[in-house]
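So this note's numbering is basically just the index in the sequence shown, starting at one, shifted up by 162.
For every residue, glycine included, the Cβ atom is placed at its ideal position computed from N, Cα and C.
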Amino acid sequence: MISILALGLLIGMQHALEADHVAAVSAIAARQTSARKIISHGAVWGVGHTITLMIVAGFGLFLGLEISGEMSGWLESAVGLVLILLGGHLLFKLIRDRIHFHRHRHGNNHEHFHAHSHAGEKQAHEKLAHDHQHRNKLPVRTLLVGMMHGLAGSAALMVLTAQTVQSPVIGFGYIVLFGIGSVLGMAALSAVIAVPLSYSARALTWANRGIQSAVAVWTLFLGLYVVYQSLPLLA
163 MISILALGLL IGMQHALEAD HVAAVSAIAA RQTSARKIIS HGAVWGVGHT
213 ITLMIVAGFG LFLGLEISGE MSGWLESAVG LVLILLGGHL LFKLIRDRIH
263 FHRHRHGNNH EHFHAHSHAG EKQAHEKLAH DHQHRNKLPV RTLLVGMMHG
313 LAGSAALMVL TAQTVQSPVI GFGYIVLFGI GSVLGMAALS AVIAVPLSYS
363 ARALTWANRG IQSAVAVWTL FLGLYVVYQS LPLLA
């Protein structure tokens, strides 16, 4: 049993590194300049992913339910559409907002790097653009994207769990550890993503914009590919 549960944790960590998951978190995190924030977005994605897995796959396991191939196709298509929206939104923001990054101080002499837009400004660096507060909010969008990915992956996880374990209780433990593994895997991946994003934001605005553009285009085309791949399941 311990071996099976450990396997669930490891597979969950590997599962977090699938291309559509990486693309979604990268597109969300690309606008961040703080490594801490980027890693937190990855972890929150994993939490949302785990919540859905526990609810859908857990109930399905205890009740002996299955998700049909057609439903799986619709869910995969939804994930593809989410990726298209994330990539398209990031491209739109880059073009519209003319984002760049620079250092500035607040009234309390706290210095930090700031993502700054000149959209709509008559002159560069208007004072009011720097008068802002730093709020620690739960990244709800990241949580919802993680939940959508978890919903799409529930069908495969239910099949995998049913093939791996016989007891629903052990199976649910497997699902929980699978989810925890996905949180750890995505947090670790986000730490890697944070290095080029945070450094380029601090040193090279043009490099950061290039990275964001590459992430946006990759996410957009991957979303189109996911939708295309799910079409046979909808037929």
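Pro330 - DSSP class collapsed to helix/strand/coil: helix
Reducing DSSP to helix, strand and coil, say where Ser196 ends up. coil
Which residues in the same chain as Leu339 place their Cβ atom closer than 7 Å to its Cβ, once the five residues preceding and following it in sequence are excluded? Leu167, Gly170, Leu171, Gly174
Helix, strand or coil for Glu238 per DSSP? helix
Would Ile200 and Ile373 be called neighbours here (beta carbons separated by less than 8 Å)? no
Looking only at its chain, what residues have a beta carbon closer than 7 Å to the beta carbon of Tyr336, apart from the 5 residues adjacent to it on each side? Ile166, Leu167, Gly170, Thr323, Thr326, Val327
Spatially closest choice to Val321 from Ala197, Val209, Gly220, by CA coordinates: Gly220
For Ser375, name the three-state secondary structure that DSSP assigns. helix
Just to check my reading of the structure: Val379 and Gly249 have Cβ atoms closer than 8 Å, yes? What is that Cβ distance to the nearest angstrom? 7 Å
What is the rounded straight-line gap between the Cα of Ser239 and the Cα of His183? 14 Å
Length of the line joining the Cα atoms of Gly210 and Leu300: 12 Å
Terminal residues of the alpha helix (DSSP H) in which Val184 lies: 181-191
Could one say the Cβ of Gly174 lies closer than 8 Å to chain D's Cβ atoms, at least one of them? Looking at the structure shown, chain D is missing, and only one protein chain is on hand.
Considering Cα atoms alone, identify which of Glu180, Arg198, Ala205, Leu225 is closest to Leu346. Ala205
How is the alpha helix (DSSP H) around Ser230 delimited, first residue to last? Counting along the chain, Ser230 falls outside any alpha helix (DSSP H), and DSSP gives it neither H nor E.
Taking only three categories from DSSP, how would you classify Leu167? helix
Taking the straight line between their C-alpha atoms, what separation do you get for His177 and Gly333? 17 Å
How big is the Cα-Cα spacing for Leu393 and Gly242? 11 Å
Taking only the alpha-carbon atoms, compute the straight-line gap between Asn370 and Gly235 and give it to the nearest angstrom. 35 Å
Could you pull out every residue in the same chain whose Cβ sits closer than 6 Å to the Cβ of Ile229, ignoring the five residues on either side in sequence? Ala317
Alpha-carbon spacing of Gln295 relative to Ser196, whole angstroms: Reliability fails at Gln295, whose pLDDT of 49 lies under 50, so the model's placement of it is uncertain and no value is given.
Quick check: the Cα distance between Met216 and Ala353, rounded to an integer number of angstroms? 25 Å
Minimum C-alpha distance to Met309 - residue among Thr214, Gly315, Leu351, Lys255: Thr214
Let me know if Leu227 comes out buried or exposed under the rule of 16 or more other beta-carbons within 10 Å of its beta-carbon. exposed
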